[in-house]
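Structure first, then comments.
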Amino acid sequence: MKVTKHLLEEFIRIGDIAPQTLCDTLSQIGLEVESFQAIKIPDGVVVGKVIDKAQHPNADKLSVCQVDIGSQTLQIVCGASNVATEQYIALATQGTKLNTPKGELCIAPTTLREVRSEGMICSSVELGLPQTNEGIMVLDSSIGELKLGRALNTYPIFNNFIIQIGITPNRGDCLSVIGVARDLSVALGVPFSLKSYQDENTALGIGRVLQMANEGKNNASLLYKVANIISIHTPLNIQLSLLMCDIALQSGLQNFLSFASHLSGVILKPYRFGDFSKSNLINNAEAQIIIKQDEEGFDCTYNQNKLARIGVFYPKNDIGNESVILEASYVNPEVLSQLLHTHKEIQKDSELTYKTTRGSNPNLLLGMQILCDLLIKYAHVEIYSSSHHLSTKEENIGIKTTFSYILELLGEQICKEDIALILKRLGFKIEASFDESFFMATPPEYRHDIKMPQDIAEEILRIYRINKVTSIPLTFQEYPQACNEQYQFYKYKRELIKKACAIGFTESIHYVFYDKDKLKALNLLTLPDTLDLINPINNELNTLRSSLIPAMLDTIERNLCYGIESIALCEIGICYDSARNEIERLAFAVNALQQEERFPYPKGIKWDFYRFCDQLSKIIGNFTLQEYPFSSSLLTHPYQKALIVQDHKQIGYVAKINPMSGYSFEGFICEINLNDITINQQKASAFSKHQTSLRDLTLLIDTHTTFDQIKTAILREQIPFLIEIYPIDLYSHESLGSQIALSLRLKFQAQDKTLQEEEVKHSIQQILTLLDQTFNATLR
Numbered sequence: 001m002k003v004t005k006h007l008l009e010e011f012i013r014i015g016d017i018a019p020q021t022l023c024d025t026l027s028q029i030g031l032e033v034e035s036f037q038a039i040k041i042p043d044g045v046v047v048g049k050v051i052d053k054a055q056h057p058n059a060d061k062l063s064v065c066q067v068d069i070g071s072q073t074l075q076i077v078c079g080a081s082n083v084a085t086e087q088y089i090a091l092a093t094q095g096t097k098l099n100t101p102k103g104e105l106c107i108a109p110t111t112l113r114e115v116r117s118e119g120m121i122c123s124s125v126e127l128g129l130p131q132t133n134e135g136i137m138v139l140d141s142s143i144g145e146l147k148l149g150r151a152l153n154t155y156p157i158f159n160n161f162i163i164q165i166g167i168t169p170n171r172g173d174c175l176s177v178i179g180v181a182r183d184l185s186v187a188l189g190v191p192f193s194l195k196s197y198q199d200e201n202t203a204l205g206i207g208r209v210l211q212m213a214n215e216g217k218n219n220a221s222l223l224y225k226v227a228n229i230i231s232i233h234t235p236l237n238i239q240l241s242l243l244m245c246d247i248a249l250q251s252g253l254q255n256f257l258s259f260a261s262h263l264s265g266v267i268l269k270p271y272r273f274g275d276f277s278k279s280n281l282i283n284n285a286e287a288q289i290i291i292k293q294d295e296e297g298f299d300c301t302y303n304q305n306k307l308a309r310i311g312v313f314y315p316k317n318d319i320g321n322e323s324v325i326l327e328a329s330y331v332n333p334e335v336l337s338q339l340l341h342t343h344k345e346i347q348k349d350s351e352l353t354y355k356t357t358r359g360s361n362p363n364l365l366l367g368m369q370i371l372c373d374l375l376i377k378y379a380h381v382e383i384y385s386s387s388h389h390l391s392t393k394e395e396n397i398g399i400k401t402t403f404s405y406i407l408e409l410l411g412e413q414i415c416k417e418d419i420a421l422i423l424k425r426l427g428f429k430i431e432a433s434f435d436e437s438f439f440m441a442t443p444p445e446y447r448h449d450i451k452m453p454q455d456i457a458e459e460i461l462r463i464y465r466i467n468k469v470t471s472i473p474l475t476f477q478e479y480p481q482a483c484n485e486q487y488q489f490y491k492y493k494r495e496l497i498k499k500a501c502a503i504g505f506t507e508s509i510h511y512v513f514y515d516k517d518k519l520k521a522l523n524l525l526t527l528p529d530t531l532d533l534i535n536p537i538n539n540e541l542n543t544l545r546s547s548l549i550p551a552m553l554d555t556i557e558r559n560l561c562y563g564i565e566s567i568a569l570c571e572i573g574i575c576y577d578s579a580r581n582e583i584e585r586l587a588f589a590v591n592a593l594q595q596e597e598r599f600p601y602p603k604g605i606k607w608d609f610y611r612f613c614d615q616l617s618k619i620i621g622n623f624t625l626q627e628y629p630f631s632s633s634l635l636t637h638p639y640q641k642a643l644i645v646q647d648h649k650q651i652g653y654v655a656k657i658n659p660m661s662g663y664s665f666e667g668f669i670c671e672i673n674l675n676d677i678t679i680n681q682q683k684a685s686a687f688s689k690h691q692t693s694l695r696d697l698t699l700l701i702d703t704h705t706t707f708d709q710i711k712t713a714i715l716r717e718q719i720p721f722l723i724e725i726y727p728i729d730l731y732s733h734e735s736l737g738s739q740i741a742l743s744l745r746l747k748f749q750a751q752d753k754t755l756q757e758e759e760v761k762h763s764i765q766q767i768l769t770l771l772d773q774t775f776n777a778t779l780r
């Protein structure tokens, strides 16, 4: 966004303020200055008038001009094709130094093809200005009163500067000169004022020629006027102003629209009057414009067909000397942004939507008045009186807060009166309670971005200036690490990975995204479409993962192709359930070989279910296995899988890879919910120094009885001196019928003595009696 000094002075007086102060102030109030360029025409360049033009006697492309500069008439040889008599021009007199694109040029009397020349008629480029046209720059009264011999740098537009400002997306109100001037007036304490604008010059009312029909509900606010353009030409002031602000010159009317829109921030667009011509209208009106929403929900203008989407796209109209309909519009930027996000495929003008989605000026009347005033001053037009107006703007909602809360956010003691004064100068409407404990602040209509008390505090801080806020040193308060649960949990997770890496696993890290089709093929949980990613990275990473295992198996398969024979991976990461709730998991995945073929293992060492579980116990601690219920997942083997139980809680599962999963290798997988794991702090405990007694029992039990059931029943009975029980062998034979032989090892130990044989036998007998009564188990 670029503004100039002469444009800012349309609304505020800044002539006595140093440019550096102006730039510093803008940056301090959140409008960061990105560049500054001073413009001053050299003193020797004055206003002149071409009173005579003759062909150069010795050159076809040169003219000999007599130029009046008030005090004298000078003869100038000029090569510009557009020079003509009665023109007011910029003349560089003798001794003037110009910084031209080709370097510094000192003006001195010279002879060109035997004709003396006593100065130079300048183009805009030769004066260090943007190029307005081919040839010399022709002056007109739009820059001020043209007085012969007057130094050009005494006109405001030629003693100027350009400031480029970086505008944040929420400050659409500052994408115009009036918006920047408003903020500067508050920050500098200078008055902000609007001129008296003439918006009509004929008594005939708009209702005589144009009708407006509104069909259904609309989001846009609109204002229409009708003008009859007899002749139009862009004056120099508007040309230079647009070019200084990096706005390209177009047709005559479009330049007026661009200039008025840049000044006011109001979106202004033209239509051909003839495009809306219609017969048999009330009051014998000649045309009718229809406003209604199209099938996508955009407000549009219609005659018989749709002509434009308001605030989004307008057809290119090369309007000449004819009747036109002038439109000022405003659409709530939040509503428009949502529509454009939903319908990305529609045709749009990116330069226009850049402004409308950030928030244009909703004061449509002001924008239209500025435009009409410019047309009446500098063009030959007839503008009909009155206007058609459609308003759908909603009043901004007041924000209720307290002075104490605002001060807490600011971290500075500012008196209530100063807070109220700043907000009022920013255009807020303030209503305080009778005891002034709280207040209601209603933002101005052009500040759609202010929604919360924090936004109000930010506005106060902008104007109060952050460099005035007292610096308070940051204080640190130490807490014992034992009290920091998040750190303890993080440390515990890293310890798990360290243990895994110490016994041969490699840590892997994968995207939190995965291919939804692959998850469905494995019968794993997927997100419903309403909760899924709207804008995925690509088609292979188009959903949030519900398991760590698939990506880890993909990595194993890829590394097998690279010739790596033994692969063991571990990973900690976030997964998501079908309601998109986060679940942090720990996963392990291995291929068939635990150790590749190498002496002294010529055939390598292969993983089996129990070897894999043994390695897991070295990482997460002791656990037991329970029968895995039916699952539709194609990842887990239907017969080699189990639930992992630790501290009487199911924390995950371990399984062999299902050969039907589609992976080309064998292996084992394990996935654990970290949220279900209890972090056990290491605590010292007493242990017995007395001898341990071991006894083995071989029992005949039913094939449907599990070891877990037997162990649970024995431990529940609290057998004296029994400290551990575990299986050592399992034997089945057809001679045993529906039974199997299970060998158990019992470990007995007392804390305070060496056990006698009778005490051990008594405990064993209790166990045998229990097993017989509970499971009908007998000794083999």
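Using the working numbering, the first residue of the sequence shown is number 1, and each one after it goes up by one. No residue lacks a Cβ here, since even glycine has one placed at the ideal position from N, Cα and C.
For residue i, the residue or residues it bridges with in DSSP
i           : result
residue 727 : 744
residue 357 : Answer by DSSP bridge pairing: none, since residue 357 is not bridged.
residue 99  : 104
residue 159 : 40
residue 573 : 585
residue 116 : 111
residue 48  : 89
residue 165 : 33
residue 271 : 325
residue 667 : 591
Same chain only: Cβ atoms within 7 Å of residue i, ignoring 5 sequence neighbours per side
i           : result
residue 175 : 1, 167, 265, 355 and 358
residue 148 : 47, 48, 49, 68, 69 and 70
residue 652 : 644, 670, 671, 672 and 673
Cutoff 8 Å; reference residue i; Cβ partners in own chain excluding five residues on either side
i           : result
residue 592 : 606, 607, 665, 666 and 667
residue 34  : 164, 165 and 166
residue 433 : 439
residue 122 : 45, 89, 90, 91, 92, 98, 136 and 137
residue 23  : 33, 36 and 163
residue 82  : 133, 134, 135, 136 and 138
Separation of residue j from residue i, as counted between CA atoms
i           : j           : result
residue 387 : residue 328 : 11 Å
residue 463 : residue 184 : 9 Å
residue 497 : residue 589 : 13 Å
residue 725 : residue 689 : 20 Å
residue 367 : residue 584 : 56 Å
residue 419 : residue 404 : 11 Å
residue 352 : residue 260 : 15 Å
residue 492 : residue 477 : 24 Å
residue 113 : residue 241 : 38 Å
residue 694 : residue 722 : 10 Å
residue 135 : residue 126 : 10 Å
residue 63  : residue 244 : 31 Å
residue 138 : residue 310 : 37 Å
residue 389 : residue 344 : 30 Å
residue 323 : residue 274 : 8 Å
residue 739 : residue 709 : 16 Å
Contacts around residue i, its chain only, beta-carbon distance under 6 Å, and the 5 residues preceding and following it disregarded
i           : result
residue 720 : 763
residue 383 : 200, 201, 227 and 372
residue 531 : 580
residue 41  : 127, 152, 153 and 158
**Study point:** Residue ranges of each beta strand (DSSP E) within the region 409-451, 3 or longer
**Key:** Entirely contained in the region 409-451, the beta strand (DSSP E) runs reaching 3 residues are, in chain order, 429-432 and 438-442.
Point to revise | At least three beta-carbon pairs within less than 8 Å, the region 671-680 to the region 745-761 | key: Pairwise C-beta distances place the region 671-680 out of contact with the region 745-761, as fewer than three of them are shorter than 8 Å.
Exercise for review: Can you check the region 505-569 for any alpha helix (DSSP H) of at least 4 residues that lies completely inside it and give the ranges in chain order?
Suggested key: At a cut-off of 4 residues, the continuous stretches assigned as alpha helix (DSSP H) that sit fully inside the region 505-569 are 516-521 and 549-561.
Check your understanding: Just checking, does the region 245-254 make contact with the region 286-298 on the three C-beta pairs under 8 Å criterion?
Key -> Cβ pair count under 8 Å is below three, so no.
Check your understanding: Taking contact to mean at least 3 C-beta pairs separated by less than 8 Å, is the region 537-556 in contact with the region 565-578?
Key -> The way I'd put it, the region 537-556 does touch the region 565-578; three or more beta-carbon pairs between them come closer than 8 Å.
Practice item. Please specify which runs of the alpha helix (DSSP H), each continuous and at least 4 residues long, are wholly inside the region 315-351, giving them in chain order. Key: Those alpha helix (DSSP H) runs which fall completely within the region 315-351 and span 4+ residues are 333-342.
Review point. Which ranges would you report for the beta strand (DSSP E) in the region 580-654 if only whole runs of at least 3 residues count?
Key: Entirely contained in the region 580-654, the beta strand (DSSP E) runs reaching 3 residues are, in chain order, 582-591, 593-595, 624-627 and 636-646.
Practice item. Would you check if the region 685-704 and the region 637-652 touch, i.e. whether three or more CB-CB distances between them fall below 8 Å? Key: No: fewer than three Cβ pairs fall under 8 Å.
Practice item. Mind the definition here: the region 440-456 touches the region 388-400 only if three or more C-beta pairs lie below 8 Å; say whether that holds. Key: Short answer: they touch.
Review point. Do the region 298-305 and the region 361-381 touch if we need at least three Cβ pairs shorter than 8 Å?
Key: In short, these stretches do not touch, since the Cβ pair count stays below three.
Point to revise | Sufficient close CB pairs (3 or more, under 8 Å) joining the region 331-342 to the region 154-164 | key: Using a Cβ-Cβ distance cut-off of 8 Å, the region 331-342 and the region 154-164 are not in contact, since fewer than three pairs of beta carbons, one from each stretch, lie closer than that value.
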